[in-house]
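Asks:
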Amino acid sequence: MAQIRALRRVASMLTTPLAPEDILGLVNPLSSSRQLRGVVTRVVRETPDSTTIHFRPGRGWNPHLAGQWARIGVEIDGVRQWRSYSLSAAVGHDPAITVTAIGFVSTALARDTKVGDILFLDAPQGDFVLPEHPRPLLMLTAGSGLTPVMSMIRTLVPRRPDADVVLIHSARTRDDALFHDELLELADQFPGLTVRHWFTREEGGRRLDLSDHADLETLCPDWRERAAYACGPTEFLDAATDLWLREAETDGADGAAPALTIERFAPVLLPGSGGEGGLVTFEKSDKEVEVGGDVPLLEAGEECGVVMPSGCRMGICRSCLTPLVAGKVRDLRTGEVHGDEGELIQTCVNAAAGPVHLDI
1 MAQIRALRRV ASMLTTPLAP EDILGLVNPL SSSRQLRGVV TRVVRETPDS TTIHFRPGRG
61 WNPHLAGQWA RIGVEIDGVR QWRSYSLSAA VGHDPAITVT AIGFVSTALA RDTKVGDILF
121 LDAPQGDFVL PEHPRPLLML TAGSGLTPVM SMIRTLVPRR PDADVVLIHS ARTRDDALFH
181 DELLELADQF PGLTVRHWFT REEGGRRLDL SDHADLETLC PDWRERAAYA CGPTEFLDAA
241 TDLWLREAET DGADGAAPAL TIERFAPVLL PGSGGEGGLV TFEKSDKEVE VGGDVPLLEA
301 GEECGVVMPS GCRMGICRSC LTPLVAGKVR DLRTGEVHGD EGELIQTCVN AAAGPVHLDI
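Quick note: the sequence shown, position 123, residue 123 per full-length UniProt numbering, numbers continuous.
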């Protein structure tokens with residue numbers, strides 16, 4: 001141990017003012033002990049707007065569970081931007097994210113990422129994962145909500161001959177449907193997987209109606225007997241939640257109510273919880289903007305050019321915490337008005353409740 005410390009002191013003297021790990025990072029960018037990184041190994045265009053980015057993570061990465069997500073950082077115009085993406089690869093494989101070109105950061109990732117690019121990483125997290133003992137499953141997905149479920153399917157179906165999975169996926173058209181051909185090939189290869197595509201904008205198409213159980217009865221007659229997982233846009237998930245709640249009330253206390261687990265890509269906001277809004281002042285950036293009471297402070301800052309810390313953008317990872325200098329904010333999930341000087345505010349799920357000053 002003493003010899004190792006002596007070698008490190010010598011190395012530090014030779015590399016000053018940089019640390020030895022900084023010099024090593026010039027040779028191998030994945031070797032940094034300060035920031036977990038990954039190198040892009042493959043880029044696959046899935047649809048005209050969506051791209052899967054495979055990457056090899058460096059030391060410190062924890063293997064993901066099927067269905068989890070991770071914060072991904074990318075340098076754009078010299079500024080490191082962070083967003084959260086579901087991991088779409090099977091467990092045991094190098095991770096991958098499937099990104100749709102919506103928004104500034106996702107568009108840059110989907111359009112511009114090349115093999116050899118470096119991504120900044122945080123450890124995988126999230127509770128939207130496969131049950132320990134899979135029972136018959138129903139997967140309800142729409143749009144990019146398929147990405148975490150694809151990790152589940154790629155993990156479970158090839159490895160469990162007793163798997164019984166029905167996937168109902170809604171997309172605008174066949175060309176927009178993520179992993180369309182791969183899913184059909186998996187369904188042909190493994191009898192335990194049934195795939196039902198629902199196209200809303202093909203000829204005669206319409207939105208999948210989850211306001212009652214008629215469409216579900218047609219697509220999966222035994223849906224009540226399956227453990228259900230759902231991921232997709234807010235309206236899609238709200239309709240699924242309402243339907244399952246009604247079924248639970250109908251079934252009463254006999255224990256037969258179907259189970260539903262959901263994953264949201266956005267926070268649950270209460271109707272009318274925005275309040276009056278106000279003038280938001282970003283003191284260090286010397287900028288201000290007048291916003292409505294339903295606009296998250298994170299979006300308000302980005303709208304006027306303030307470089308805001310962010311991660312999941314849905315109130316989970318707390319990467320957006322910013323000190324409140326003065327004023328009150330309203331939590332868009334609960335409607336609660338709060339705020340003390342120096343309090344750390346989650347800007348992605350709080351809006352102005354009157355004039356607000358932030359220390360950024």
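Beta carbons: idealized from backbone N, C-alpha and C, even for Gly. These numbers were taken from a predicted model, which means no experiment stands behind them.
Looking at the unbroken beta strand (DSSP E) that takes in I345, where does it start and where does it end?
Replies: Residues L344 to Q346.
Asks: Identify whether Q81 lies in helix, strand or coil by the three-state DSSP scheme.
Replies: Q81: strand per DSSP, three-state reduction.
Asks: What beta strand (DSSP E) runs, 3 residues minimum, are completely inside the stretch 197-254?
Replies: Within the stretch 197-254, the complete beta strand (DSSP E) runs of at least 3 residues are 227-232.
Asks: Taking the C-alpha atoms as reference points, what is the distance between C220 and H213?
Replies: Between C220 and H213, the C-alpha separation is close to 10 Å.
Asks: Just confirm the distance between the C-beta atoms of P63 and V39, as a whole number of angstroms; I'd bet it's less than 8 Å.
Replies: Between V39 and P63 the Cβ distance is about 17 Å, and since that is not below 8 Å, they are no contact.
Asks: Name the one or two DSSP bridge partners that S86 has.
Replies: Looking at the DSSP assignment, S86 forms a beta bridge with W69.
Asks: Just reading off the alpha helix (DSSP H) that V105 is part of, what are its end residues?
Replies: V105 -> alpha helix (DSSP H) spans F104 to D112.
Asks: Helix, strand or coil: how does DSSP classify A171 here?
Replies: Looking at A171 - three-state DSSP - the assignment turns out to be strand.
Asks: Indicate whether at least one CB of chain D lies closer than 7 Å to the CB of E288.
Replies: Given the protein chain composition of this structure (a single chain), no chain D is represented.
Asks: Use the C-beta contact count for D340: other C-beta atoms within 10 angstroms, 16 or more gives buried, fewer gives exposed.
Replies: Exposed.
Asks: According to DSSP, is A266 part of a helix, a strand, or is it coil?
Replies: Here A266 sits in coil by DSSP.
Asks: Would you give the residue range spanned by the beta strand (DSSP E) that A351 belongs to?
Replies: Per DSSP, A351 belongs to the beta strand (DSSP E) from N350 to L358.
Asks: Do T141 and A66 count as a contact pair if the criterion is CB distance below 7 Å?
Replies: Against a cut-off of 7 Å, the Cβ pair of T141 and A66 comes out as no contact.
Asks: Quick check: the Cα distance between S211 and I76, rounded to an integer number of angstroms?
Replies: Taking the straight line from one Cα to the other gives about 42 Å.
Asks: Helix, strand or coil, according to DSSP, for R318 in the structure here?
Replies: Looking at R318 - three-state DSSP - the assignment turns out to be coil, as it is neither helix nor strand.
Asks: Can you check DSSP and say which residues form a bridge with E288?
Replies: DSSP lists T281 as partners of E288.
Asks: Assign T234 to one of two classes, buried (16 or more other C-beta atoms within 10 Å of its C-beta) or exposed (fewer than that).
Replies: By the 10 Å Cβ count, T234 comes out exposed.
Asks: With a cut-off of 8 Å on the beta carbons, I'd call A352 and V280 a contact; round off their distance for me.
Replies: Contact flag correct, Cβ pair sits at about 5 Å.
Asks: Measuring straight from C-alpha to C-alpha, what distance separates L30 and G311?
Replies: If I take the Cα positions, the gap works out to 21 Å.
Asks: Using only alpha-carbon positions, find the residue among D188, Q189, G126 and A177 that is nearest to W198.
Replies: Checked all of D188, Q189, G126 and A177; the closest Cα to W198 is A177.
Asks: Grab me the residues of V43's own chain with a C-beta within less than 7 Å of its C-beta, minus the 5 sequence neighbours each way, in chain order.
Replies: Result list for V43: T51, I53, T113, K114 and V115, in chain order.
Asks: According to DSSP, simplified to helix, strand and coil, what is M152?
Replies: If DSSP states are grouped into helix, strand and coil, M152 belongs with the helices.
Asks: Since G327 sits in a beta bridge, which residues does DSSP pair it with?
Replies: V356.
Asks: Can you tell me whether H54 is helix, strand or coil according to DSSP?
Replies: H54: strand per DSSP, three-state reduction.
Asks: Beta carbon of D49, beta carbon of T98: below 7 Å?
Replies: For D49 and T98, no; Cβs fall outside 7 Å.
Asks: V307 and V79 - do their beta-carbons sit closer together than 7 Å?
Replies: It is a contact, given that the beta carbons lie within the stated cut-off.
Asks: Would you check if the distance between the CB atom of A230 and the CB atom of I262 is smaller than 7 Å?
Replies: Yes, they are a contact pair.
Asks: For V337, which residues from the same chain have a beta carbon less than 6 Å from its beta carbon, with the 5 sequence-adjacent residues on both sides left out?
Replies: So the list reads K328, R330 and A353, once near-sequence residues are dropped.
Asks: Is the separation between the beta-carbon of V325 and that of D359 shorter than 7 Å?
Replies: Yes. Within cutoff.
Asks: Between the Cα of P95 and the Cα atoms of R135, P136, W82 and M150, which residue gives the shortest distance?
Replies: Nearest of R135, P136, W82 and M150 to P95, Cα basis: M150.
Asks: Can you tell me whether P131 is buried or exposed, with buried defined as 16 or more other CB within 10 angstroms of its CB?
Replies: That one is exposed.
Asks: P267 to G342, Cα distance in whole Å?
Replies: One C-alpha to the other measures close to 24 Å.
Asks: Where DSSP assigns a beta bridge to R42, which residues make up the other side?
Replies: For R42, which the question treats as bridged, DSSP gives the partners H54.
Asks: Taking the CB atoms as reference points, tell me whether R174 and T200 lie closer together than 7 Å.
Replies: Cβ distance not < 7 Å, so R174 and T200 don't count as in contact.
Asks: With respect to the beta strand (DSSP E) encompassing A96, which residues constitute its N-terminal and C-terminal limits?
Replies: Per DSSP, A96 belongs to the beta strand (DSSP E) from A96 to T100.
Asks: Any idea if P191 is buried or exposed, counting beta-carbon neighbours within 10 angstroms, 16 or more meaning buried?
Replies: Exposed, by the Cβ-count rule.
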